[in-house]
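Heads up: the sequence shown begins at 4 in the numbering used here, then just goes up one per residue.
Where is the CB? At the ideal position from N, CA and C, for every residue including glycine.
As the structure is a prediction and not an experimental result, all values here were calculated from the model.
Below you'll find the structure, written out as structure tokens, and then a few comments.
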Amino acid sequence: MKWLRFAWLALLPASLAAACAAGVQSETNGDGGDDGSGGDPTGSTSSGTGGMLDAGPPPDAMIACDDAADCAWFNDTCNVGSCVNGLCTKLPANEYGSCDDGLFCTENDTCVAGACAGGTPRYCPSLDSCHLGICDEDLKTCKNVAGNDGAQCEDGDNCTGAGICNQGVCNKGSPISCDIFTTACSIGVCDPAVGCVAMPVSEGSWCDDGSFDPCSEGQCQSGMCVSLPINDGSWCDDGLFCTINDKCVAGSCSGDPNPCAPPENPCMIGTCNEFNWSCVAVPGNNGMACEDGNFCTGGEVCSNGQCIGGVPANEGMACDDANGCTGGTTCVNGTCENPQSEILMCSTGDSCCPAGCDLAQDADCLYWVPGVQQNVDPALLSGWSQCWSGTYTDGFPSLQNILAQCDKSKLLMACRPMGSPTYTLLAMGPRLDVLFDCGSQSNCTKQSNGVGWYYSSSYSWGFAPGGMPVNRSSCDYNDGSQQSPELRMCWHTGGGNINQGYRCGSNDLNGGFNWERVVYEAD
């Protein structure tokens, strides 16, 4: 390989340049120098071509070449020597490849456009939060200097708050408060090893365990207020409606289940409703034999709260239709009746009444009419005695009190506007049927004396024409397709009381409060 110190030589044709280069070489090699000094017997001088090749070409040298091998002097990590038009040229190489820029304080250096560019700054870790790690290029090392003055730091003491950095030192923070651990049974103190702890005090003393339960009381034990049983076997109140006979047992107030007396309907059972604080009737005893109160039927069983499935019985046998003005009644196809004379209504002088039956004066004669009646004069109600009456503004009269006053075997329900001489509607039936507990079933009725009866102490009480469906929600509601709305009466109930909602011979709930509701009784 040859390099030329004269730029003009590069402009000569390649053959001439080669000859000139050979001439230069021949002048510097041989038996003697051109300055007259003696020559090296080996034919070379100390300043010959070999020495120049070892030093490499000067930066501005123009090197003639035949191929890339002649340009190897230009090869480095980020460049490659290439022969272009007979001259060596340095070209960028290994773009973005790894290299070393010779600086200690940079890392991940890469080749960019033929130069080794510095990468990311070298990471120098800090001793602690009050020092900064920095890189020293002159010393080729990482070192720590004080820093972060005023910043929070960890002083290593569990009994102080955060420390503060000051000239490389973490000064202790302020003492912490352990008051949160102070109770009637402990004092909050600080242990440098773990921090705040509760130190037990007042061991065995009584303390407030936060419970209002009369069956327990707090006592300090190992720094804690522990509930201990007291008053075992004594009376207490657990605050629940559905328990009775409450007493203290092992530190707790508990009682026996409230049995809830069964309703008069044998096909319903009493259950306790804690949410409403009341005993409610729900269907039960399915499949159990029951008595529907009709002598002329038998074989009834309970089904979903109703005593049903009876078939005609005692055909032709004498029976009592509970009407003092009829006689000779017998069982006919499941009904107690007088085939010769069906009694609709008896009044003084009617031919249907037996001799001596005076409805106006004879207490043995009872006004007994099947079906729902309209516009009835109270004077016709022979044999009946009024046991309760109230207006629709009377608040919430108790059903228990009403039924205690009206305790005979037959009941009559009536309603009318206040001041009216006649009852808008009335119907009568045996007590068990009038008080047939349907719970909250929407279509439940008890068919008796030509009337469909329903009752519930927490839903509604009333009647509809016999054989017609009802739509209780909770009163019998007219959805627009109801039959004979003028023959339906309903009183809202809830919580064992009669509420203010009602219906008396109207298409829907009555809108005013100037109405009267009445109950009669008879034996």
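Would residue i be called buried (16 or more neighbouring beta carbons within 10 Å of its own) or exposed?
i	result
residue 411	exposed
residue 148	exposed
residue 364	In this predicted model, residue 364 has a pLDDT of only 44, less than 50, meaning its place in the structure is not dependable enough to derive any value.
residue 336	exposed
residue 283	buried
residue 208	exposed
residue 479	buried
residue 490	buried
residue 371	buried
residue 454	buried
residue 374	exposed
residue 589	The requested residue 589 is not part of the displayed model; the chain covers only 4 to 526.
residue 353	With a pLDDT of only 46 at residue 353, under 50, the local geometry of the prediction cannot be trusted, and no value is derived from it.
residue 510	exposed
residue 496	buried
residue 286	buried
residue 308	buried
residue 318	exposed
residue 520	buried
residue 222	buried
residue 116	exposed
residue 376	buried
residue 527	The structure shown does not extend to residue 527, since the chain is modelled only from 4 to 526, so the question has no answer here.
residue 492	buried
residue 523	buried
residue 525	buried
residue 417	buried
residue 95	exposed
Would you list the one or two residues that DSSP bridges to residue i?
i	result
residue 1	Not covered by the structure: residue 1. The range shown for the chain is 4 to 526.
residue 247	259
residue 375	Answer is none; residue 375 lacks a bridge partner.
residue 269	DSSP output for residue 269 lists no bridge partner at all.
residue 309	306
residue 74	Answer by DSSP bridge pairing: none, since residue 74 is not bridged.
residue 450	455
residue 338	335
residue 475	479
residue 315	300
residue 387	Partner(s): none; residue 387 has no beta bridge.
residue 79	82
residue 394	519
residue 440	458
residue 320	According to DSSP, which records beta bridges pairwise, residue 320 is partnered with nothing at all.
residue 430	416
residue 291	Paired residue(s): none; residue 291 is not in a bridge.
residue 199	193
residue 67	90
residue 275	282
residue 210	221
What are the boundary residues of the alpha helix (DSSP H) that residue i is part of?
i	result
residue 414	Counting along the chain, residue 414 falls outside any alpha helix (DSSP H), though it belongs to the beta strand (DSSP E) covering 413-420.
residue 436	434-437
residue 404	402-408
Between which two residues does the beta strand (DSSP E) containing residue i stretch?
i	result
residue 505	500-507
residue 520	518-525
residue 221	219-224
residue 231	227-232
residue 283	281-286
residue 467	463-468
residue 492	492-497
Which whole-angstrom value is the C-beta distance of residue i and residue j, which I expect to be below 8 Å?
i	j	result
residue 138	residue 108	4 Å
residue 258	residue 249	4 Å
residue 300	residue 316	6 Å
residue 119	residue 156	With 8 Å as the limit, residue 119 and residue 156 do not qualify as a contact, their Cβ atoms being about 40 Å apart.
residue 219	residue 230	4 Å
residue 176	residue 166	5 Å
residue 263	residue 240	No, residue 263 and residue 240 are not in contact; Cβ-Cβ is about 19 Å, not under 8 Å.
residue 193	residue 210	Not really, about 23 Å apart at Cβ, beyond 8 Å.
residue 277	residue 298	Not confirmed; about 41 Å, so no contact.
Quick check: is any heavy atom of the ligand NAD less than 8 Å from the C-beta of residue i?
i	result
residue 212	The ligand NAD is not part of the structure shown, which contains no ligands of any sort.
| What are the uninterrupted segments assigned as beta strand (DSSP E) that are 3 or more residues long and contained completely in the stretch 151-195, given in chain order? | Taking only runs of at least 3 residues, the beta strand (DSSP E) segments lying wholly in the stretch 151-195 are 166-169, 172-174, 189-194.
| If you scan the stretch 83-148 from start to end, which runs of the beta strand (DSSP E) of 3 or more residues do you find wholly inside it? | Positions of the beta strand (DSSP E) runs, each at least 3 residues long and wholly inside the stretch 83-148, are given as 90-95, 113-115, 118-120, 134-139 in order along the chain.
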